[in-house]
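There are 2 protein chains.
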Amino acid sequence: MRIFSNIIGAFAFDSSGIKDEVLFSSIEGYQNREEAVNSLKSRHPDAKELDEKELKQVLSFLADKKYFQNFYLQNHQLTRTQVKNSVKDDTLVIQAINSIDETDKAINLLSKRLREWYELYNPEFSKHEQNHEQFVAEILKNSKQSLLEKINFHQRDSMGADLSETNAEAIMGLAEKINSLFQLRKSTVDYISTIMDSLCPNIKTVCTPLVAARLLEHAGSLKRLSELPSSTIQILGAETALFRHMKTGARPPRHGVIVHHPLIAKATEKMHGKVARSLSDKITIAAKIDYFKGQFRGDKLLKDLEAKFEKK
Amino acid sequence: MRIFSNIIGAFAFDSSGIKDEVLFSSIEGYQNREEAVNSLKSRHPDAKELDEKELKQVLSFLADKKYFQNFYLQNHQLTRTQVKNSVKDDTLVIQAINSIDETDKAINLLSKRLREWYELYNPEFSKHEQNHEQFVAEILKNSKQSLLEKINFHQRDSMGADLSETNAEAIMGLAEKINSLFQLRKSTVDYISTIMDSLCPNIKTVCTPLVAARLLEHAGSLKRLSELPSSTIQILGAETALFRHMKTGARPPRHGVIVHHPLIAKATEKMHGKVARSLSDKITIAAKIDYFKGQFRGDKLLKDLEAKFEKK
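Chain order of the listed sequences is Y and H.
The numbers in this note's numbering rise by one with no breaks, and the one at position 42 of the first sequence is 42.
The numbers in this note's numbering rise by one with no breaks, and the one at position 62 of the second sequence is 374.
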């Protein structure tokens with residue numbers, strides 16, 4: 001007597017054929033297949049586990065039409081369950097960071113349009129305020145009426161045209177939507193930050209939520225990020241520059257997405273490489289802690305880094 | 313005695329030099345230069361208008377340093393005034409239609425992201441509803457709570473993952489902004505429609521506000537549109553196809569932006585060319601009426617067209 005289990009059930013058989021079986025009615029049965037095997041074992045105390053040489057034989061027993069439906073259904077169920085379970089928190093972070101990138105694109109598109117439109121009335125102010133967010137805020141600061149007054153006030157010296165109320169409304173409408181996209185961006189950053197509190201608090205602390213999200217996006221998942229060596233993390237996101245370096249011998253990239261980290265932004269141009277190297281070291285440690293659900297040490301890692309580069 | 317006027321003033325001079333002058337203190341003086349000339353004429357009844365041969369002489373009189381500042385200031389003022397007056401209603405329509413195009417781009421970008429994100433939870437529904445606006449509306453139809461219930465209800469058969477409340481909030485936030493962009497689009501269309509009521513009621517009636525706005529955008533201004541022949545209006549916006557036709561002998565384009573007109577959309581594929589030709593005829597008439605501020609005949613033009621193609 002031998003015992004064998006697969007996706008549709010557990011079977012006890014001897015050389016002549018299947019003698020006893022426990023079919024799984026759902027995917028949960030398959031997930032707890034040990035139980036079925038044990039119950040078969042208790043019914044057939046002499047039964048042993050399958051020898052590899054006998055595998056072909058048992059497969060020929062199972063090539064019976066009555067099992068085909070079971071195989072189909074169980075496989076189908078299993079795939080669906082796996083698809084369903086493949087959505088992890090890191091998938092959500094990746095969606096969210098992509099959403100931020102696309103919100104940025106939309107903001108840029110619409111802000112440029114707002115400026116071109118507004119410049120008909122007051123070209124000087126638009127040139128004066130280069131930052132899109134500030135520019136939109138300034139336009140929205142007060143009511144429509146005061147936009148009119150303001151433009152007409154500024155305008156005594158302006159080359160801009162006169163602005164009627166209908167036109168002001170159209171411009172204000174556009175500015176409001178851009179402003180609400182800025183708010184969407186902020187709330188998405190908060191969302192990422194919230195997910196990361198449970199998913200990867202260490203990486204989040206060491207390298208700010210946005211940089212952490214971009215690292216996850218480039219690595220594909222927390223698991224993959226935790227497996228990457230420090231040198232890879234350092235240039236994650238700078239693939240183009242890396243391949244240019246390999247092909248043409250140009251200078252290798254010093255940093256990928258971690259360039260947005262405040263420590264690198266603060267460092268002098270000459271120090272960028274050094275900071276990036278130390279930073280990616282710490283990120284490597286943080287990623288491993290997070291993936292294996294270790295104790296929170298993010299604050300210590302960050303302090304070490306800061307201490308190292310503030311001394312110099 | 314001769315009299316001569318230019319941007320800085322009016323001058324009376326004889327062969328020895330300038331004898332009398334009226335300098336303009338602002339651009340209004342230049343705009344009413346007839347007055348200054350007349351006052352000089354009354355002071356010097358024997359004075360005549362400048363002969364062309366004497367132009368060189370008077371210019372040498374004016375090449376005096378004391379006039380330089382005046383030339384600079386008046387020219388500067390004149391340019392500013394012209395820039396200011398160059399903003400016409402057709403400029404606003406063109407800004408607005410560009411704004412619509414960019415809003416559409418932003419909507420597409422963000423809708424694709426919303427779908428990808430939502431598909432983690434309920435891939436089947438996203439595939440089922442292809443229209444972005446409907447899809448967003450469906451997601452927003454009820455409160456967040458019911459989004460959760462709905463997904464979890466649909467989901468008994470779905471491959472999607474389970475949705476927690478924080479995640480639902482992030483998705484709803486994105487959907488709301490997309491929805492408000494759809495509203496921005498609608499209000500911009502209304503704005504275009506309002507401007508057109510005074511700018512070009514005939515074109516607007518013959519070919520719907522959006523098509524009219526695109527025609528204005530491609531022509532550059534109402535003036536230029538009114539000068540274009542019917543055949544050009546027909547293929548305005550299909551420049552790529554036209555040049556391909558001229559270079560390679562491929563089939564010429566049958567219509568440009570007017571393809572979005574409801575009459576063409578309704579017509580059978582075979583009739584597209586004919587409808588486009590008649591339509592652009594009527595648009596040519598409408599544009600001329602609008603530019604020369606003629607009587608409103610847009611409804612009659614449209615009726616003629618509809619009658620012509622509904623019979624067949």
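Don't be surprised by glycine CBs; every beta carbon is placed ideally from N, CA and C.
- Residue-level contact by beta carbon fails for Tyr342(H) and chain Y, as no gap is shorter than 7 Å.
- Using a CB distance below 7 Å, no part of the stretch 584-612 of chain H faces chain Y.
- Residues of the same chain with a CB within less than 7 Å of the CB of Phe61(Y), apart from the 5 flanking positions on each side, are Phe13, Gly17 and Ile18 in chain order.
- Listed along the chain, the chain Y residues whose CB falls inside 7 Å of the CB of Ala482(H) are Ala96, Thr188 and Tyr191.
- Identification of residues in the stretch 103-121 of chain Y having a C-beta nearer than 9 Å to some C-beta of chain H yields Thr103, Lys105, Ala106, Ile107, Leu109, Leu110, Lys112, Arg113, Leu114, Glu116, Trp117, Leu120 and Tyr121, given in sequence order.
- Contacts with chain H at 7 Å (Cβ-Cβ) do not include Leu222(Y).
- Counting the other CB atoms within 10 Å of its CB gives His128(Y) a total below 16, which places it among the exposed residues.
- Nearest CB-CB separation between Ser25(Y) and chain H: not below the 7 Å threshold.
- Leu371(H) and Ile315(H) do not touch by the CB rule: their CB atoms are close to 15 Å apart, not below 8 Å.
- For Pro521(H), the closest alpha carbon among the candidates Ile570(H), Asn397(H) and Ser590(H) is that of Ile570(H).
- Within 9 Å of the CB of Asn491(H), no CB atom of chain Y is found; the nearest one sits about 11 Å away.
- Within 10 angstroms of the beta-carbon of Glu54(Y) lie fewer than 16 other beta-carbons, which makes it exposed.
- In its chain, beyond the 5 residues on either side, Ile419, Leu422, Ser423, Leu426 and Val448 have a beta carbon closer than 7 Å to the beta carbon of Ile490(H).
- In this structure Lys282(Y) is in contact with Val206(Y), their Cβ atoms being roughly 5 Å apart against a cut-off of 8 Å.
- When DSSP states are grouped into helix, strand and coil, Gly585(H) belongs to the helix group.
- The C-beta separation of Leu534(H) from Leu540(H) comes to about 11 Å, leaving the pair out of contact by the 8 Å criterion.
- Only residues of its own chain outside the window of five on either side were considered, and among them Leu114, Val136, Ile139 and Leu140 have a CB closer than 7 Å to the CB of Ala175(Y), listed in chain order.
- Burial state of Ala307(Y) is exposed, judged by a 10 Å Cβ sphere holding fewer than 16 other Cβ atoms.
- Not a single C-beta of chain Y is nearer than 7 Å to the C-beta of Gly568(H).
- Ala47(Y) is bridged by DSSP to nothing; it lacks a bridge partner.
- In the DSSP assignment, Phe336(H) falls outside any beta strand (DSSP E), carrying neither H nor E.
- Taking the Cα positions, Asn382(H) is about 11 Å away from Asn318(H).
- With 16 or more other Cβ atoms from the protein chains shown falling within 10 Å of its own Cβ, Pro253(Y) counts as buried.
- For Phe325(H), the enclosing beta strand (DSSP E) begins and ends at Gly321 to Asp326.
- In the same chain as Tyr191(Y), and ignoring 5 residues on each side of it, the C-beta atoms closer than 8 Å to its own belong to Ala96, in chain order.
- For the options Ala525(H), Ser338(H), Lys396(H) and Lys353(H), the alpha carbon positioned closest to that of Ser505(H) is the one of Ala525(H).
- Per DSSP, Arg297(Y) lies in no beta strand (DSSP E) segment and is marked neither H nor E.
- Arg80(Y) and Glu28(Y) have their alpha carbons spaced roughly 13 Å apart.
- Ranked by Cα distance from Tyr72(Y), the options Ser25(Y), Ile100(Y), Lys41(Y) and Asn32(Y) are led by Ser25(Y).
- Per DSSP, the continuous beta strand (DSSP E) segment holding Ser5(Y) begins and ends at Arg2 to Ser5.
- Taking the CA atoms as reference points, Ile285(Y) sits about 20 Å from Ile195(Y).
- Burial state of Asp602(H) is buried, judged by a 10 Å Cβ sphere holding 16 or more other Cβ atoms.
- Chain Y has no Cβ within less than 7 Å of the Cβ of Leu511(H).
- What Leu210(Y) touches in chain H, judged by beta-carbon distance under 8 Å, is nothing: the nearest beta carbon there is about 15 Å away.
- Sequence-distant Cβ neighbours of Lys41(Y) in its own chain, meaning closer than 7 Å and more than five residues away, are Ile3 and Ala47.
- Look at Ser327(H): its C-beta is not under 7 Å from any C-beta on chain Y.
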